[in-house]
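K.L.:
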């Protein structure tokens with residue numbers, strides 16, 4: 008029988024701290040921001056929210072994740088819901104973050120607009136919405152295989168992502184000018 012390699016165990020505190028530092032690389036949040044009513048849309052396991060709640064005592068920090076299976080046993084502050092229909096009142100949060108939730112590869116600009124409008128709806132006037140527009144690693148990994156076997160051209164892969172980012176940027180510019 009083949010011997011299995013040991014499974015690397017990482018405790019919850021380490022997972023939460025790693026998630027926190029990953030978010031801080033993407034978003035310009037200061038300690039004051041982390042103490043305000045805060046929402047993370049597409050929160051995954053919720054480790055960022057757990058960290059903010061535990062380390063900053065922010066009981067008004069919530070995460071939304073559509074897939075219940077992604078949440079761990081400790082889901083304090085986490086809500087299972089769809090990012091298109093957030094279960095919060097208008098003008099609830101001062102800070103809304105969305106890491107790897109806004110897809111730049113969607114063909115439906117209406118879908119992107121609906122997502123962004125929902126983030127705006129739950130954000131207080133003068134609040135901050137921060138999100139990154141990126142291609143999740145799994146999408147890149149799957150596309151690499153298609154590129155290597157010739158079923159997807161490298162140029163098409165990047166053009167689709169660029170076009171998606173341009174659509175989202177155009178919509179945000181429209182909002183800014185309204």
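In our numbering, the protein residues as written are 8 to 185.
Note that the Cβ used here is the ideal one computed from N, Cα and C, for glycine as well.
Source: prediction; values computed, not measured.
(1) Which of helix, strand or coil does DSSP assign to residue 182?
(2) Under the DSSP definition of a beta bridge, which residues are partnered with residue 100?
(3) Give the DSSP-derived three-state secondary structure of residue 89 in the structure shown.
(4) What residues are listed by DSSP as bridge partners for residue 136?
(5) If I'm right that residue 129 touches residue 30 with Cβ under 8 angstroms, what's the distance once you round it to whole angstroms?
(6) According to DSSP, is residue 83 part of a helix, a strand, or is it coil?
(7) Judging by CA-CA distance, which residue of 38, 78 and 73 is the nearest neighbour of residue 19?
(8) Helix, strand or coil: how does DSSP classify residue 26 here?
(9) Exposed or buried, what is residue 94 when buried is set at 16 or more other beta-carbons lying within 10 Å of its beta-carbon?
(10) For residue 127, count neighbouring C-beta atoms within 10 Å of its own C-beta (all shown protein chains included) and say buried if the count is 16 or more, exposed if not.
(11) Starting from residue 72 and walking both ways along the beta strand (DSSP E), at which residues does that stretch end?
(12) Between the Cα of residue 124 and the Cα atoms of 153, 91 and 57, which residue gives the shortest distance?
(13) For residue 41, which residues of its own chain have a beta-carbon under 7 angstroms away from its beta-carbon, when the five flanking residues on both sides are left out?
P.N.:
With the given structure in hand:
(1) To locate residue 182, count along the chain shown from 1; it is residue 175. Helix.
(2) Residue numbering aside, residue 100 sits at position 93 when the chain shown is read from its first letter. Beta-bridge pairing links residue 100 to 130.
(3) Position 82 of the chain shown, counted from the first residue, corresponds to residue 89. In this structure, residue 89 counts as coil in the three-state DSSP scheme.
(4) Sequence index remark: in the chain shown, residue 136 carries index 129 (1-based). BP columns for residue 136 point to 103.
(5) For the purposes of this step, residue 129 is identified with residue 122 of the chain shown, where counting begins at 1. For the purposes of this step, residue 30 is identified with residue 23 of the chain shown, where counting begins at 1. About 18 angstroms; that fails the 8 angstroms criterion.
(6) The residue labelled residue 83 in the question sits at position 76 within the chain shown. Looking at residue 83 - three-state DSSP - the assignment turns out to be coil, as it is neither helix nor strand.
(7) For the purposes of this step, residue 19 is identified with residue 12 of the chain shown, where counting begins at 1. When each option's Cα is compared against that of residue 19, the closest is 78.
(8) Position 19 of the chain shown, counted from the first residue, corresponds to residue 26. It is helical.
(9) Position 87 of the chain shown, counting from 1, holds the residue named residue 94. When all chains shown are included, residue 94 counts as exposed.
(10) Here residue 127 refers to the residue found at position 120 when the chain shown is read from its first residue. Counting Cβ neighbours within 10 Å, residue 127 comes out exposed, since fewer than 16 surround it.
(11) Along the chain shown, read from residue 1 onward, the residue named residue 72 stands at position 65. Per DSSP, residue 72 belongs to the beta strand (DSSP E) from 68-72.
(12) Taking the chain shown and counting its residues from 1, one reaches residue 124 at position 117. Residue 91 is the option with its Cα nearest to residue 124.
(13) Locating residue 41 in the chain shown gives position 34, where the first residue counts as 1. These residues qualify, in order along the chain: 59, 63 and 65.
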